[in-house]
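A quick write-up on the structure given underneath.
2 protein chains.
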Amino acid sequence: MSMMDFKTEFKPTTVQPQQIEGRSFEMIDEEIGPHPYTEEQYPIVRRVIHASADFELGKSLVFHPDAVQAGIQAIRDGKKVVADVQMVQVGVSKNRIEKHGGEVKVYISDPDVMEEAKRLNTTRAIISMRKAIKEADGGIFAIGNAPTALLELIRLVKEGEAKPGLVIGLPVGFVSAAESKEELAKLDIPFITNVGRKGGSTVTVAALNAISLLAEQV
Amino acid sequence: MSMMDFKTEFKPTTVQPQQIEGRSFEMIDEEIGPHPYTEEQYPIVRRVIHASADFELGKSLVFHPDAVQAGIQAIRDGKKVVADVQMVQVGVSKNRIEKHGGEVKVYISDPDVMEEAKRLNTTRAIISMRKAIKEADGGIFAIGNAPTALLELIRLVKEGEAKPGLVIGLPVGFVSAAESKEELAKLDIPFITNVGRKGGSTVTVAALNAISLLAEQV
Chain A
1415 MSMMDFKTEF KPTTVQPQQI EGRSFEMIDE EIGPHPYTEE QYPIVRRVIH ASADFELGKS
1475 LVFHPDAVQA GIQAIRDGKK VVADVQMVQV GVSKNRIEKH GGEVKVYISD PDVMEEAKRL
1535 NTTRAIISMR KAIKEADGGI FAIGNAPTAL LELIRLVKEG EAKPGLVIGL PVGFVSAAES
1595 KEELAKLDIP FITNVGRKGG STVTVAALNA ISLLAEQV
Chain B
1415 MSMMDFKTEF KPTTVQPQQI EGRSFEMIDE EIGPHPYTEE QYPIVRRVIH ASADFELGKS
1475 LVFHPDAVQA GIQAIRDGKK VVADVQMVQV GVSKNRIEKH GGEVKVYISD PDVMEEAKRL
1535 NTTRAIISMR KAIKEADGGI FAIGNAPTAL LELIRLVKEG EAKPGLVIGL PVGFVSAAES
1595 KEELAKLDIP FITNVGRKGG STVTVAALNA ISLLAEQV
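In the order they appear, the protein sequences are chains A and B. Its first residue numbered 1415, the first sequence is counted upward by one per residue in this note's numbering. Its first residue numbered 1415, the second sequence is counted upward by one per residue in this note's numbering.
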């Protein structure tokens, strides 16, 4: 039985995903109103709004002044990208990272991470960041889910143990998420974060995809 | 070199994810205010708010009166769950579905779907729904990303070609998303959707996980 084997006739539409995206971006440009973002930051804000349909969330983004250039450079240099959870990993456009030799890693379900977290009575998210720093320091850390992962990464940076190329820290939630992002925004390292409880895997993916698109441009 | 091999000492925290979730739910209960949801619908609303930190989004949810019971029944009967994109598939808690014999499928990257979409000059999202109806009719359709997938599923239902057990239709976006959800809400089949542009993979996963948790209860 074929996929097309229905009783009624199939009328193929000719929807072009690029056209939908272009029209969406026009609508965002029309509706966004005044904002404080630079020309290089705005494509990231726009793509976050596109992924969330939430102007409030888009306009809550905060950038370290070096963030966008640092992200572009990390991708062009083929640095690793570390996702905190698998949803972020599968959402990221891989081809624009892998063409430079980079790859998108997630450590949270690795057997050694699970064992170590159990042994130390702590979360897998925390231990996964410790492994990530050993394997991917200098890369892009994209954290969309776990405030505890972001807090551990911040601690490692403060103690001089980690020097990530860029931290995209956009965890969502009612407990610790906003606080973890406030802490990130105090660091003098390249970061993209936001103010408040909102965030999540889809907007983290959107921010990262926006940067890898910028890395395509000359 | 071990994961624990840092210059500074690691102070394990004893963060318990269940405690964080419990406290988050208390905060949502305190802040949500008046709402129209029944006792069986509210756990889904709450988990959507938990995943988005967005009360507006949570309170935009719309339920067909049979939706929650139909979802619970589909899971208990071991029906398939169809995700429109891989981000939804990886986010869903599998164990509560697989223990009843169900599985979480995504068809959008299947070679036959890609070929057929190319041949018919249409989107993979549309063709993936046609394949899903052949392989998983009666199951739960969880659509968090592609309005075109939802519109094709609605068309198949209207033409009597499809009879899904439950449609969770929460695509996000500026073009067609709100309109596709309005169309879904007109159908007399079990659905969970929302009003407006917001939605996405994370809230679709949250709604589905809330239902599979309800299916655990006696």
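Where a beta carbon is used, it is the ideal one built from N, C-alpha and C, also for glycine. Values in this document were obtained by computation on a predicted structure and should not be read as measured data.
Cβ neighbour criterion (16 or more within 10 Å) applied to residue i
i	result
Q1631 of chain B	exposed
S1408 of chain B	Within the shown structure, residues of chain B are numbered from 1415 to 1632, placing residue 1408 of chain B beyond reach of any answer.
D1498 of chain A	buried
T1452 of chain B	exposed
V1562 of chain A	The sequence shown places Thr at residue 1562 of chain A, rather than the Val named in the question. T1562 of chain A comes out buried.
N1608 of chain B	buried
R1533 of chain A	exposed
D1602 of chain A	exposed
T1618 of chain B	buried
K1612 of chain A	buried
T1422 of chain A	exposed
G1472 of chain B	buried
S1590 of chain A	buried
H1449 of chain A	exposed
S1626 of chain B	buried
G1553 of chain A	buried
G1574 of chain A	exposed
G1485 of chain A	buried
G1436 of chain B	exposed
Listed by chain order, chain B residues near residue i by CB distance under 8 Å
i	result
P1431 of chain A	T1537
I1557 of chain A	What I1557 of chain A touches in chain B: nothing, since even the nearest Cβ is about 14 Å away.
S1466 of chain A	V1586, K1612, G1614
R1460 of chain A	Simply none; closest approach about 11 Å.
Other residues of its chain near residue i: CB distance less than 7 Å, five sequence neighbours each side excluded
i	result
L1564 of chain A	I1557, G1583, P1585, S1594, L1598
D1480 of chain A	P1604
F1477 of chain B	Q1455, I1606
K1600 of chain A	none
F1588 of chain A	R1611
S1507 of chain B	N1623, S1626
6 Å Cβ shell around residue i - same chain, five flanking residues per side excluded
i	result
G1614 of chain A	G1558, V1586
P1578 of chain B	F1555
I1461 of chain A	Reading the sequence as shown, one finds Arg at residue 1461 of chain A and not Ile. Hits under 6 Å: A1620, A1624.
V1581 of chain A	F1555, F1605
E1566 of chain B	I1540, M1543
I1458 of chain A	A1621, A1624
G1505 of chain A	V1619
S1474 of chain A	N1608, V1609, G1610
H1464 of chain A	S1438
T1616 of chain A	A1465
M1501 of chain A	S1615
Same chain, Cβ closer than 8 Å to residue i, five either side skipped, listed in chain order
i	result
K1519 of chain B	K1494, V1495, V1496, A1497, Q1503, A1546, E1549, A1550
L1570 of chain A	M1543, R1544, I1547, A1576
R1538 of chain B	I1522, S1523, V1527, M1528, A1531
Q1487 of chain A	G1579
H1514 of chain B	I1489, R1490, D1491, G1492, A1629
Proximal residues of chain B, C-beta to C-beta of residue i below 9 Å
i	result
K1595 of chain A	Per Cβ cutoff of 9 Å: no residues; K1595 of chain A is ~12 Å from chain B at best.
Partners in chain A for residue i, counting only beta-carbon separations shorter than 9 Å
i	result
R1510 of chain B	Under the 9 Å cutoff, chain A gives no residues; its nearest Cβ is about 17 Å from R1510 of chain B.
Residue i: contacting residues in chain B (beta-carbon distance under 7 Å)
i	result
F1420 of chain A	E1575
* Quick one: any contact between the region 1434-1448 of chain B and the region 1587-1596 of chain B, if contact means 3 or more CB pairs under 8 Å? -> no
* Listed in chain order, which residues of the region 1513-1537 of chain A have Cβ atoms closer than 8 Å to some Cβ of chain B? -> D1526, V1527, E1530, L1534, N1535, T1536, T1537
* Asked: What residues in the region 1605-1617 of chain B bring their beta carbon closer than 8 Å to a beta carbon of chain A?
  -> G1610, R1611, K1612, G1613, G1614, S1615, T1616
* Quick one, which residues of the region 1485-1508 of chain B are near chain A if we go by CB-CB under 9 Å, in chain order? -> V1499, Q1500, M1501, V1502, Q1503, V1504, G1505
* Interface residues of the region 1574-1589 of chain B facing chain A [CB-CB below 7 Å] -> E1575, V1586, G1587, F1588, V1589
* Asked: Of all the residues that make up the region 1434-1458 of chain A, which are near chain B by a beta-carbon distance shorter than 8 Å?
  -> I1434, R1437, S1438, M1441, I1442
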